[in-house]
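Undergrad: Handing you a structure now.
2 protein chains.
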Amino acid sequence: MPEKSRAADRICSEIEQAIAMGAYEDGEKLNEVALARQFDVSRTPLREALQSLQAIGLVELIPNRGAFVRRPSMTRLVEMFELMGEMEALCVKLATKRITPAQRLRLQEAARGCEEALSEGRADDYYAANGRLHGVIYEASGNEFLAEETRRLLRRLSPFRRRQLDVTGRLRASMGEHAAILEAMDRGEAEAAADLMRVHITALSRTYDQYIAAVGPRAEAG
Amino acid sequence: MPEKSRAADRICSEIEQAIAMGAYEDGEKLNEVALARQFDVSRTPLREALQSLQAIGLVELIPNRGAFVRRPSMTRLVEMFELMGEMEALCVKLATKRITPAQRLRLQEAARGCEEALSEGRADDYYAANGRLHGVIYEASGNEFLAEETRRLLRRLSPFRRRQLDVTGRLRASMGEHAAILEAMDRGEAEAAADLMRVHITALSRTYDQYIAAVGPRAEAG
DNA sequence: TTTTCTATTTTTGTATACAATCACGATAGC
DNA sequence: GCTATCGTGATTGTATACAAAAATAGAAAA
Chain A
1 MPEKSRAADR ICSEIEQAIA MGAYEDGEKL NEVALARQFD VSRTPLREAL QSLQAIGLVE
61 LIPNRGAFVR RPSMTRLVEM FELMGEMEAL CVKLATKRIT PAQRLRLQEA ARGCEEALSE
121 GRADDYYAAN GRLHGVIYEA SGNEFLAEET RRLLRRLSPF RRRQLDVTGR LRASMGEHAA
181 ILEAMDRGEA EAAADLMRVH ITALSRTYDQ YIAAVGPRAE AG
Chain B
1 MPEKSRAADR ICSEIEQAIA MGAYEDGEKL NEVALARQFD VSRTPLREAL QSLQAIGLVE
61 LIPNRGAFVR RPSMTRLVEM FELMGEMEAL CVKLATKRIT PAQRLRLQEA ARGCEEALSE
121 GRADDYYAAN GRLHGVIYEA SGNEFLAEET RRLLRRLSPF RRRQLDVTGR LRASMGEHAA
181 ILEAMDRGEA EAAADLMRVH ITALSRTYDQ YIAAVGPRAE AG
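Residue numbers (UniProt numbering), protein chains in the order written: chain A, 1 to 222; chain B, 1 to 222.
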């Protein structure tokens with residue numbers, strides 16, 4: 001697999017990772033030439049990467065001033081999760097009314113995938129199936145724009161995710177919540193399903209809290 | 001007022017306007033050198049502008065392929081408004097519980113501003129006060145991230161807005177809806193206030209429909 | 001000491017040059 | 001005739017050079 005083209009993208013990912021790992025202080029200024037030297041590229045692709053990072057919200061670009069790291073505080077992560085929960089809840093609410101038979105099948109398939117992966121203790125498979133399940137719900141909302149924005153927020157939260165934390169007892173509980181959501185959807189109870197999803201995401205958020213508390217506001221990168 | 005620095009920003013605004021006005025076909029490829037010549041700049045700031053436009057969702061950048069115009073269809077605009085309505089409704093729901101006394105004062109001030117502007121027939125003042133009113137609600141949600149994302153979506157919708165369309169009878173109706181929302185908030189009825197806001201935004205969306213229908217999928221820029 | 005202005009240095013923004021990749025058409029093979 | 005391969009031109013990605021703006025430091029004045 002060639003991992004070549006688009007230096008800008010590669011740099012963006014690396015810096016994203018570094019910021020999430022706490023390698024930079026919040027508000028810290030990023031020096032373009034220094035970073036360019038560090039990644040062994042010119043300033044051109046580096047500046048592109050900085051713009052991409054701004055789109056993700058990890059840096060703020062101030063004209064004629066430079067790029068400043070915007071590392072989300074714990075408060076902000078909670079805020080982001082509050083919105084994530086509401087958006088997923090909205091997806092479920094709309095999906096309950098709009099889901100197509102084909103989508104319902106894929107939803108059930110994903111749910112089965114979660115069950116099997118969990119019973120066999122395959123964490124990676126569980127996360128994959130879990131991702132499919134949520135993805136189908138976004139799609140079934142019938143609002144492609146909402147689906148895109150939800151995926152975008154998910155991606156924005158992902159660098160701060162630590163899967164291992166889920167592996168305790170949370171995984172099994174998560175399964176049960178999925179089942180409850182799907183049942184509510186089957187009964188056509190949109191609001192109930194939405195509420196369950198909101199709680200489901202909020203519960204997820206707590207594992208992030210633990211991560212943040214563990215890593216702290218300032219941690220070293222590998 | 002100096003309108004100088006940051007050619008990239010200027011270009012971005014101009015292209016944004018052009019796309020909104022229908023100067024480009026959806027899916028049309030944007031040639032970098034041609035655009036650079038057109039705006040009399042080099043490719044460097046032009047490419048920055050294209051990235052900014054991608055962040056707004058008006059173009060899609062495909063690696064090694066180029067920039068392609070993504071003009072929202074009527075369907076997509078409706079989808080965007082559906083989400084906008086839900087986000088504003090969420091802001092109201094949270095604000096009902098979390099609003100501070102100071103914010104409540106500013107909310108009432110903005111509402112008064114709307115009334116006065118309307119009674120005096122000053123449309124511009126109305127839009128300004130209306131913007132303040134919604135802005136205070138975003139802020140009062142107590143979720144700064146939600147507020148930012150809502151503002152971002154508002155900005156993303158704004159190029160497709162045509163104020164004149166509101167001036168018919170919609171303006172007065174809008175006022176009444178504001179009043180109803182604020183009253184529900186005062187009574188602490190979060191869900192009711194949220195529902196009112198959702199309807200309020202949806203009603204707004206219909207004026208956009210009219211605009212789209214009038215301008216058509218392909219219109220000429222000024 | 002504090003402030004303000006200025007000269008210098010640093011850093012950002014833009015233009016240009018070069019390299020890599022893609023699109024397209026011609027040609028060869030089946 | 002159809003497909004595949006290759007070569008050429010066009011287009012995107014990156015590096016470098018230059019211009020403009022801001023940060024810094026130092027000196028002069030209050």
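Backbone N, C-alpha and C fix where the C-beta goes; we use that ideal spot for every residue, glycine too.
Rounded to the nearest angstrom, what separates A:Arg-198 and A:Met-21 at their Cα positions?
TA: 27 angstroms
Undergrad: Mind listing the chain A neighbours of B:Asn-64? Cutoff is C-beta to C-beta under 9 angstroms, in chain order.
TA: Ser-5, Arg-6
Undergrad: Tell me which residues share the same chain as B:Ile-15 and place their Cβ nearer than 7 angstroms to its Cβ, disregarding the 5 neighbours each side in the sequence.
TA: Same-chain partners within the cutoff: Ala-49, Leu-53.
Undergrad: Give a yes or no on whether the minimum CB-CB distance between B:Arg-10 and chain A is below 8 angstroms.
TA: no
Undergrad: With a threshold of 8 angstroms between beta carbons, is A:Leu-146 in contact with chain B?
TA: yes
Undergrad: For B:Asn-31, go through chain A and note every residue whose CB falls closer than 9 angstroms to its CB, in chain order.
TA: In chain order: nothing, as chain A lies at least about 19 angstroms away.
Undergrad: Whose C-beta lies closer than 6 angstroms to the C-beta of A:Ala-202 among residues of the same chain, with five residues either side of it excluded?
TA: In the sequence on display, residue 202 of chain A carries Thr and not Ala. Here the set comprises Gly-85.
Undergrad: By the criterion of Cβ-Cβ separation under 8 angstroms, what are the contact partners of B:Glu-79 in chain A?
TA: By Cβ distance, chain A contributes Asn-143, Glu-144, Phe-145, Leu-146.
Undergrad: Mapping the DSSP letters down to three states, classify A:Glu-116 as helix, strand or coil.
TA: helix
Undergrad: How would you list, in chain order, the residues of chain B whose beta-carbon sits under 7 angstroms from the beta-carbon of A:Ala-55?
TA: Ala-55
Undergrad: Return the chain-ordered list of same chain residues with a C-beta closer than 8 angstroms to the C-beta of B:Leu-156, the five sequence neighbours on each side being excluded.
TA: Reading the sequence as shown, one finds Arg at residue 156 of chain B and not Leu. The residues are Ile-56, Gly-57, Met-80.
Undergrad: According to DSSP, which residues form a beta bridge with A:Val-199?
TA: For A:Val-199, which the question treats as bridged, DSSP gives no partner whatsoever.
Undergrad: Drop a sphere of 10 angstroms on the beta-carbon of A:Ile-19, count the other beta-carbons inside from all chains shown, and report buried for 16 or more, exposed for fewer.
TA: buried
Undergrad: Between A:Ala-180 and the rest of its own chain, which residues show a CB-CB distance below 7 angstroms, the 5 nearest in sequence each way excluded?
TA: Only Leu-196 meet the Cβ criterion.
Undergrad: Rounded to a whole number of angstroms, what is the C-alpha to C-alpha distance between B:Ala-123 and A:Ala-128?
TA: 53 angstroms
Undergrad: In the DSSP output, what is B:Glu-60 paired with across the bridge?
TA: Paired residues: B:Phe-68.
Undergrad: Does the beta carbon of A:Leu-165 come closer than 8 angstroms to any beta carbon on chain B?
TA: Here the model assigns A:Leu-165 a pLDDT of 49, short of 50, so the residue's position is not dependable and the matter cannot be decided.
Undergrad: Taking contact to mean at least 3 C-beta pairs separated by less than 8 angstroms, is the segment 35-49 of chain A in contact with the segment 99-111 of chain B?
TA: By the C-beta criterion, the segment 35-49 of chain A is judged not to be in contact with the segment 99-111 of chain B, since fewer than 3 inter-stretch pairs fall below 8 angstroms.
Undergrad: Taking B:Glu-79 as part of the alpha helix (DSSP H), name the residues at either end of that continuous run.
TA: Note, B:Glu-79: alpha helix (DSSP H), 74-98.
Undergrad: By the DSSP assignment, the alpha helix (DSSP H) with A:Tyr-126 in it spans what residues?
TA: 123-140
Undergrad: Assign A:Pro-63 to buried or exposed, taking buried as 16 or more other Cβ atoms, counted over all protein chains shown, within 10 Å of its Cβ.
TA: exposed
Undergrad: Between A:Arg-206 and chain B, is the shortest Cβ-Cβ distance under 8 angstroms, so that the two count as touching?
TA: no
Undergrad: Please report how far the alpha carbon of B:Glu-189 lies from the alpha carbon of B:Thr-96, in whole angstroms.
TA: 7 angstroms
Undergrad: In whole angstroms, give me the CA-to-CA distance for A:Leu-61 and A:Arg-70.
TA: 10 angstroms
Undergrad: Measuring alpha carbon to alpha carbon, tell me which residue in A:His-178, A:Ala-192, A:Glu-183 is nearest A:Cys-114.
TA: A:His-178
Undergrad: Taking 8 angstroms as the CB-CB cut-off, is B:Glu-191 touching chain A?
TA: no
Undergrad: Please tell me whether B:Gln-51 has its Cβ less than 8 angstroms away from any Cβ of chain A.
TA: yes
Undergrad: Please confirm whether A:Leu-90 and A:Leu-146 have their CB atoms less than 8 angstroms apart.
TA: yes
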